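Residue numbers (our numbering): 1 to 385.
Dropping the structure here:
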């Protein structure tokens, strides 16, 4: 989709027909502070529906001349830094749009549209004020409203009484005689009765029930024979505790049981979830996870991250040990080479000294003293010693 300027009555952009209308577009900054400064400066000049867009563009026509960078750019050419004029305009860091001109014809048209809308609204208000009030409901209409609002099987029968102004006492008596609405709390005994009275074909398969000290325990035995892998513990306050391999799972399935249908949905959800591989060892806190269609992993997201970290650390330790062994061999080889070079240098120095000793023994004492006199004083003292 071509980008266009988001200011009202400005059509400059990549889709404008005229060549002269094409201006360079600048996108709103990603920095939150600078973006807010731009939106504050634009105000109500933004086109309708543009404020909710992620990418908003403003053309160069709405910026002052001092907002653009004028100094040339520097590039390297043949090893030298030269100045080159800018091919495209660039904004300064603190620049904000400040030029917003509205066409006078469009403004007058908008003003006339607003005045006509105000006249239509006032006319409709006058017509609504002249409407007559609705007549009271008849007895037949009242019965239809009650039957449509409250199902007959789920509510207390409603007694409709129409009283005249002279029969207020009878109305008060009839209201007092109406039975109060009682909200019954769903308990473990109700759930147990509903479970046993329900048709077994409508209940999820491979689920069994056990009455424990903490509440009703529903456990699933469809994964592994003679082993409980998934279980639901419903406490006395009807709160739910999900377990995977007898370890409490943190994955949210249902908060509270209010009817047998809630329990049935919780069972279906737990069976649809995948048990984490680390849950059998008691190392997973989630217990269950929703497996992706193309994923082959048997671990939840947290266990995957932990397994990757442990695998990475193990590989790093192996690599360090291998490098240490290689470094020992390398250091031993380097030390051997240094030793060989030192031995060779000692042999060369020894041969040189032997040659000098032979030459000195061949020279007479008088000539040797003359040679010593030509040496520096420190060397003379060393030779005498």
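From the three backbone atoms N, C-alpha and C, an ideal C-beta is built for every residue, glycine too. Predicted model, so just to flag it, every value in this text is computed and none were measured.
In this structure residue 90 is in contact with residue 69, their Cβ atoms being roughly 5 Å apart against a cut-off of 8 Å.
If you look at residue 190, you'll find it in the alpha helix (DSSP H) that goes 188-197. When the five nearest sequence neighbours on each side are left out, the beta carbons in the same chain lying within less than 8 Å of the beta carbon of residue 74 are those of 81, 82, 83 and 84, in order along the chain. In the displayed model, residue 24 falls within coil according to three-state DSSP, outside both helix and strand.
One thing to note: residue 95 has its Cβ no nearer than 8 Å to the Cβ of residue 59.
Excluding residues up to 5 positions away in sequence, 277 lie with their Cβ nearer than 6 Å to the Cβ of residue 298 in the same chain. By the Cβ criterion, the segment 270-290 is in contact with the segment 241-250, since at least three pairs of Cβ atoms, one from each stretch, lie closer than 8 Å.
Setting aside the 5 residues that flank it on each side, residue 268 is surrounded in the same chain by 204, each with a C-beta closer than 7 Å to its C-beta; the list follows chain order. For residue 358, there is no enclosing beta strand (DSSP E); the enclosing alpha helix (DSSP H) covers residues 301-362. Closest by C-alpha distance to residue 99, out of 38, 213 and 78, is 38. For residue 74, the pairing in a beta bridge is given by DSSP as 83.
Within the segment 218-297, the beta strand (DSSP E) runs of at least 3 residues that lie entirely inside it are, in chain order, 230-235 and 240-244.
Looking at the DSSP output, residue 210 bridges to 217.
DSSP places residue 56 in the coil class of the three-state scheme, outside both helix and strand.
Around the beta carbon of residue 331, a 10 Å sphere encloses fewer than 16 other beta carbons of the protein chains shown; the residue is thus reported as exposed. Look at residue 42 here: in three-state DSSP terms it is helix. At the C-beta level, residue 251 and residue 286 come within 8 Å of one another.
Residue 99 sits in coil when the DSSP states are folded into three classes, being neither helix nor strand. Taking C-beta atoms as the reference points, residue 46 and residue 4 fail to come closer than 8 Å.
For residue 7, the secondary structure class from DSSP, reduced to helix, strand or coil, is strand.
About 14 Å separates the Cβ atoms of residue 254 and residue 271, ruling out a contact at the 8 Å cut-off.
In this model, residue 371 and residue 352 are separated by some 19 Å (Cα to Cα). Nearest to residue 12 by alpha-carbon distance, out of 62, 41, 44 and 34, is 62. With 16 or more other Cβ atoms inside 10 Å of its own Cβ, residue 249 counts as buried. Taken through DSSP and simplified to helix, strand or coil, residue 368 comes out as helix. About 6 Å separates the beta carbons of residue 24 and residue 88, which is inside the 8 Å limit, making them a contact pair.
If you compare the alpha carbons of 314, 229 and 274 with that of residue 295, the shortest gap goes to 274. Listed as beta-bridge partners of residue 91 by DSSP are 68. Sixteen is the threshold: since fewer than 16 other Cβ atoms of the shown chains lie within 10 Å of the Cβ of residue 356, the residue is exposed. Here residue 216 really is in contact with residue 209; their C-beta atoms are around 6 Å apart, less than 8 Å. With at least 16 other beta carbons inside 10 angstroms of its own, residue 57 counts as buried.
Spanning the alpha carbons of residue 354 and residue 345 requires a straight line of approximately 14 Å. The beta carbons of residue 284 and residue 300 sit about 6 Å from each other, so the pair counts as a contact at 8 Å. In this structure residue 238 touches residue 186 by the C-beta definition: roughly 6 Å separates them, less than 8 Å. In the displayed model, residue 201 falls within a helix according to three-state DSSP.
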